[in-house]
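The structure appears below as structure tokens.
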Amino acid sequence: MVFPYLDIILRSTAVYFFMTIALRIFGKKELSQLNTADIILILLISNSVQNAMVGPDTSLWGGLVAALVLFVINFVIKKLTHKYKVLNDLLLDKPEILIHDGKLDFKALSKLDISHDELKEAMREHGLEHYTDVKLCMLEIDGTISVISEDKKNLKQTHYKRKHNHKNFRK
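Taking our numbering, the leading residue of the sequence shown gets 1102, the next gets one more, and so forth.
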């Protein structure tokens, strides 16, 4: 082989794109609230894909090349998603409206698996008790729930970090 690390570069690139697609399919929103099981999963995945990236080369240089490839790909992807909206739309999630002008979007709440209790907790953190007091409530791309109050004089915004919750939102 002319370039001994080409195999590692190709393997690392393949693993990077596989992990990007897997996170897109299985939900990046949950990454903002890692619990013990999520951390264990990440550690096990990193261990399992390490061999796929470096193959039989377990040398220091092989590991460094794999790490460098991941950093470079990540840097390039970030630059490209900022430059090209189509790529940004494909790879990154969008914020989702949960409440607009006091009206709940039950379809979005159900799709995102956000419970009534979780939504009320986010509102209470903002000092709001009733849905009618909410101008806008959104699930942000990082998994936080932001709330903007209806009060025009004291316009405030808060962010509520989602907890991993399996209860469905019901009307």
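For each residue, glycine too, the CB sits at the ideal point set by N, CA and C.
Annotated three-state conformation of S1250 is strand, per DSSP. In the three-state DSSP reduction, H1231 falls in the coil class, being neither helix nor strand. Under the rule that a run must span 4 or more residues, the alpha helix (DSSP H) segments found entirely inside the stretch 1153-1190 read 1161-1184. A direct Cα-Cα distance of roughly 19 angstroms separates A1168 from L1124. A straight line joining the alpha-carbon of F1118 with that of L1161 spans about 23 angstroms.
Around the beta carbon of I1141, fewer than 16 other beta carbons lie within 10 angstroms, which makes this residue exposed.
Considering only K1221, I1178, I1200, the residue with the shortest C-alpha distance to L1237 is I1200.
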